[in-house]
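Peer 1:
In our numbering, the protein residues as written are 2 to 209.
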């Protein structure tokens with residue numbers, strides 16, 4: 002509703018009416034949440050005498066953070082930290098409503114699976130980028146080491162000594178960069194290749 006208001010509402014009159022409508026919906030949600038929590042509290046008081054306490058883990062306490070639409074997770078939090086509210090994971094007694102909810106949940110599951118695969122692909126690319134960076138520094142170190150021992154017969158001895166010193170300094174710099182990256186990335190490649198959801202060859206394992 003907020004997206005529709007921001008996209009479609011123009012002018013002070015329509016803006017005021019949309020705000021009033023949003024407030025009405027918000028009040029209804031608050032009243033429903035309060036009513037649910039009151040009923041749940043009453044059931045909790047009766048649960049122990051009736052030896053019926055198993056439902057407490059299913060019908061949880063309702064908070065403001067729980068009251069959100071199925072698609073609300075797309076509007077907040079980063080890609081890797083989105084979580085569907087528990088209210089959408091409960092079974093519905095209404096067949097028609099249940100079918101609609103199941104269809105929406107299937108769509109959200111497909112979106113979540115695609116996001117997980119995208120994150121896994123990013124991890125695979127990250128591992129390859131780290132390997133290439135280290136390989137580049139090793140290559141550059143070798144290039145500068147070769148230049149450090151070059152004869153430089155076309156220049157005088159003082160210039161040649163200066164060129165060799167510069168080449169040695171550059172080779173040492175490339176080596177230091179390589180060692181720094183290895184220290185900073187220590188164990189990261191192992192986590193990527195052996196952690197939860199790690200790729201198995203060319204196969205994604207996000208469902209496991």
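Using N, Cα and C, we set each Cβ at its ideal position, and we do this for glycine too.
Out of curiosity, what's the CA-to-CA distance linking residue 144 and residue 188?
Peer 2: Numbered from its first residue, the chain shown carries residue 144 at position 143. Numbered from its first residue, the chain shown carries residue 188 at position 187. Distance between the alpha carbons of residue 144 and residue 188 is about 28 Å.
Peer 1: Would a C-beta distance cut-off of 8 Å place residue 195 and residue 172 closer than the cut-off?
Peer 2: Residue numbering aside, residue 195 sits at position 194 when the chain shown is read from its first letter. Residue numbering aside, residue 172 sits at position 171 when the chain shown is read from its first letter. Contact: no.
Peer 1: For residue 183, does the count of other Cβ atoms within 10 angstroms reach 16, so buried, or fall short, so exposed?
Peer 2: Your numbering for residue 183 matches position 182 in the chain shown. Its Cβ having fewer than 16 others within 10 Å, residue 183 is exposed.
Peer 1: Give the single residue among 33, 18, 113 and 137 whose Cα lies nearest to the Cα of residue 177.
Peer 2: Position 176 of the chain shown holds residue 177. Nearest option by C-alpha distance: 137.
Peer 1: Hey, would you say residue 63 sits closer than 8 Å to residue 34, going by beta carbons?
Peer 2: Sequence index remark: in the chain shown, residue 63 carries index 62 (1-based). Sequence index remark: in the chain shown, residue 34 carries index 33 (1-based). Yes, the Cβ-Cβ distance between residue 63 and residue 34 is below 8 Å.
Peer 1: Cβ atoms of residue 161 and residue 153: under 8 Å apart, would you say?
Peer 2: Your numbering for residue 153 matches position 152 in the chain shown. Your numbering for residue 161 matches position 160 in the chain shown. Yes. Within cutoff.
Peer 1: Which of helix, strand or coil does DSSP assign to residue 191?
Peer 2: Working through the chain shown from its first residue, we reach residue 191 at position 190. DSSP places residue 191 in helix when its eight states are reduced to three.
Peer 1: Need the endpoints of the alpha helix (DSSP H) that residue 160 sits in, please.
Peer 2: Here residue 160 refers to the residue found at position 159 of the chain shown. Where residue 160 is concerned, the enclosing alpha helix (DSSP H) stretches over 158-185.
Peer 1: Quick check: what's the CA-CA separation for residue 185 versus residue 175?
Peer 2: Walking along the chain shown from the start, residue 185 turns up at place 184. Walking along the chain shown from the start, residue 175 turns up at place 174. Cα-Cα distance, rounded: 15 Å.
Peer 1: How many Å lie between residue 29 and residue 36 at the Cα?
Peer 2: Looking up residue 29 in the chain shown gives position 28. Looking up residue 36 in the chain shown gives position 35. In a straight line, the C-alpha of residue 29 is about 10 Å away from that of residue 36.
Peer 1: Judging by CA-CA distance, which residue of 38, 193 and 47 is the nearest neighbour of residue 65?
Peer 2: Against the chain shown, residue 65 aligns to sequence position 64. It is 38.
Peer 1: Is it right to say residue 193 is buried, meaning 16 or more other beta carbons lie within 10 angstroms of its own, or is it exposed?
Peer 2: Here the question's residue 193 lines up with position 192 in the chain shown. Label assigned to residue 193: buried.
Peer 1: By DSSP, does residue 44 sit in helix, in strand, or in coil?
Peer 2: Taking the chain shown and counting its residues from 1, one reaches residue 44 at position 43. If DSSP states are grouped into helix, strand and coil, residue 44 belongs with the helices.
Peer 1: What is the rounded straight-line gap between the Cα of residue 46 and the Cα of residue 40?
Peer 2: As a first step, residue 46 must be located in the chain shown, where it is residue number 45. As a first step, residue 40 must be located in the chain shown, where it is residue number 39. Answer to the nearest angstrom: the Cα atoms are 10 Å apart.
Peer 1: Exposed or buried, what is residue 170 when buried is set at 16 or more other beta-carbons lying within 10 Å of its beta-carbon?
Peer 2: The sequence position of residue 170 within the chain shown is 169, counting from 1. Exposed, because fewer than 16 other Cβ atoms sit within 10 Å of the Cβ of residue 170.
Peer 1: Helix, strand or coil for residue 123, going by three-state DSSP, please let me know.
Peer 2: For the purposes of this step, residue 123 is identified with residue 122 of the chain shown, where counting begins at 1. Helix at residue 123.
Peer 1: Once the 5 residues before and after residue 141 are set aside, which same chain residues still bring their CB inside 7 Å of it?
Peer 2: Locating residue 141 in the chain shown gives position 140, where the first residue counts as 1. Cβ within range, chain order: 175.
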